[in-house]
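Down below is the structure, laid out as structure tokens.
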Amino acid sequence: MTPEAEGFLRRAIELAAAARRSGNPPFGSLLVGPDGTVLVEEQNSTITDANISFHPELKLAVWAASQLDAETAAATTMYTSCQPCEMCSGALARSGLGRVVYALSGEQLNGLKTGGSFPAVPQEGPALYDEAKVPVYGYYP
Ligand SMILES: [Zn+2]
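In UniProt numbering, the protein residues as written are 1 to 141.
This is how it looks when you write it as structure tokens:
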């Protein structure tokens, strides 16, 4: 890892500490554009905004998908204090961002927690294929 990349990760860790001081879970992230400048920063605000989806990685993935052209997004790197969760990883896959660099791994995070992770919600399906396929058919090229 380059000293520059470590600097961006340290900023993500500072944002994580700021999130905690604000009463939120301790996570922070930033996007660094193709020219090496910081485009935008975010903190977790799931508690203060009462929104379970307000992880910084998800906010930045949404921002990138709406504000960056595809070429710029592909050359943009997310630096984040912790490895993105499954929800954020799904958004990242749709964002067009080129790369993620994280400090804590998900496994390291779990080692720092006293409680367990979120329980999976049981899912049931597939069902009603002939009816459910109608609005989907032909949408995807
Ligand atoms: Zn997340």
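Glycine is no exception: its CB is placed at the ideal position from the N, C-alpha and C atoms.
Tell me which residue opens and which closes the beta strand (DSSP E) that residue i is part of.
i: M78; result: T77 to C82
i: A103; result: R99 to L104
Which residue from the options puts its Cα closest to that of residue i?
i: L104; options: T2, E4 and R10; result: R10
i: W63; options: P84, M87, S95 and T46; result: S95
i: G33; options: F54, A132, G106 and Y79; result: Y79
i: G90; options: L60, T72 and V134; result: L60
i: E41; options: D49, T48, I47 and P56; result: P56
i: L97; options: G36, A19, L31 and M87; result: L31
i: P3; options: F27, L128, G36 and L58; result: G36
i: R21; options: G115, G106 and I47; result: I47
i: F107; options: L39, P126, P84 and S66; result: The amino acid occupying residue 107 in the given sequence is Glu; Phe does not appear at that position. Minimum Cα distance to E107 is reached at P84.
Pull the bridge partners of residue i from the DSSP assignment, please.
i: S29; result: E42 and T80
State yes or no: is the C-beta of residue i nearer than 7 angstroms to some heavy atom of ligand 1?
i: E41; result: no
i: M87; result: yes
i: L60; result: no
Answer yes or no: do residue i and residue j have a C-beta to C-beta separation smaller than 8 angstroms?
i: N51; j: P25; result: no
i: A5; j: V101; result: yes
i: T72; j: R99; result: no
i: C82; j: L58; result: no
i: L15; j: G7; result: no
i: M1; j: S53; result: no
Can you find a C-beta in chain B that's less than 8 angstroms from the C-beta of residue i?
i: C88; result: The structure shown has no chain B; it contains just one protein chain.
Taking the alpha helix (DSSP H) that residue i falls in, what are its first and last residues?
i: M87; result: E86 to S95
i: I13; result: P3 to R21
i: L58; result: P56 to Q67
i: E71; result: A70 to A74
i: A120; result: Segment: none, A120 is in no alpha helix (DSSP H) and carries neither H nor E.
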